[in-house]
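Just below is one structure, and these are the notes that go with it.
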Amino acid sequence: MFTRILVGYDGSEGSRAALAAALRLATQAHGVLTTVTVQHHLPRYGATIGEVDEEREFEAAEARRLANEVQAAAGEHGIDAQTTIRAGHPAHEIVHAAKSIDADLVVLGHSGHSGLWGTFLGSTTERVSRHAPCSVLIVR
Ligand SMILES: Nc1ncnc2c1ncn2[C@@H]1O[C@H](COP(=O)(O)OP(=O)(O)OP(=O)(O)O)[C@@H](O)[C@H]1O
Ligand SMILES: [Mg+2]
């Protein structure tokens, strides 16, 4: 039923649970899986060019680390996952990514980096569930 699956992956415990569920679904449905990691790229006020470059380099390294995590998890399931990175507002970019790959399911964790696991629904998940062009699975 769901064969074009997009996972919002920020490296949090919630997003790892979302990735694990999405990998099981993709395996059962012989689907294709894409992950999107959204980064902020917000230079701090008053930052020098050197500091901005340093932050960009830090984010690029973090994105590579997360992509490697996804590839390792996907490899265990024998799935060939696409990893993508976007800059901007997480909910906005996840919805755009879903549209651009014509996803039929978006899979997200119940909470991410700032939330307490299992307490409140995160704002990214809440916003994506309101605006997504397709079904959204919130993984507990
Ligand atoms: N920057 C991001 N890139 C990709 N996916 C993300 C990003 N931020 C959140 N997500 C997805 O959304 C899920 C829930 O995170 P969310 O941001 O809603 O919760 P939170 O960080 O606990 O709370 P909040 O951001 O509202 O303070 C994550 O498990 C992940 O699947
Ligand atoms: Mg968050």
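When you line the sequence shown up against the working numbering, it's residues -18 to 121, in that order. Note that CB positions come from ideal geometry on N, CA and C, so glycine has one too.
- The beta carbon of T18 lies closer than 7 Å to those of Y(-10), D(-9), A44, L47 and I66 in the same chain, with the five residues before and after it left out.
- Between G(-5) and the set S116, S95 and R111, the nearest pair of CA atoms involves S95.
- Going by beta carbons, V87 and V117 fall inside the 8 Å limit.
- Judged by the Cβ position, A(-1) qualifies as a neighbour of ligand 1 at the 7 Å threshold, a heavy atom of the ligand being closer than this.
- For L97, there is no enclosing alpha helix (DSSP H), as DSSP marks it with neither H nor E.
- By the neighbour-count criterion, in which 16 or more other beta carbons inside 10 Å mark a residue as buried, S81 falls on the exposed side.
- According to the DSSP assignment, I30 belongs to no beta strand (DSSP E) but to the alpha helix (DSSP H) extending over I30 to E57.
- With a cutoff of 7 Å, I82 does not count as near ligand 1, since its C-beta is closer than that to no heavy atom of the ligand.
- Secondary structure note for L86: its beta strand (DSSP E) is the uninterrupted segment L86 to G90.
- Closest in C-alpha terms to G90, from the list A84, E107, A41 and E74, comes E107.
- In chain order, the residues positioned with their C-beta nearer than 6 Å to some heavy atom of ligand 2 are G93, H94, S95, G103 and T105.
- At a threshold of 7 Å, T15 does not count as near ligand 1, since its beta carbon sits no closer than that to any of the ligand's heavy atoms.
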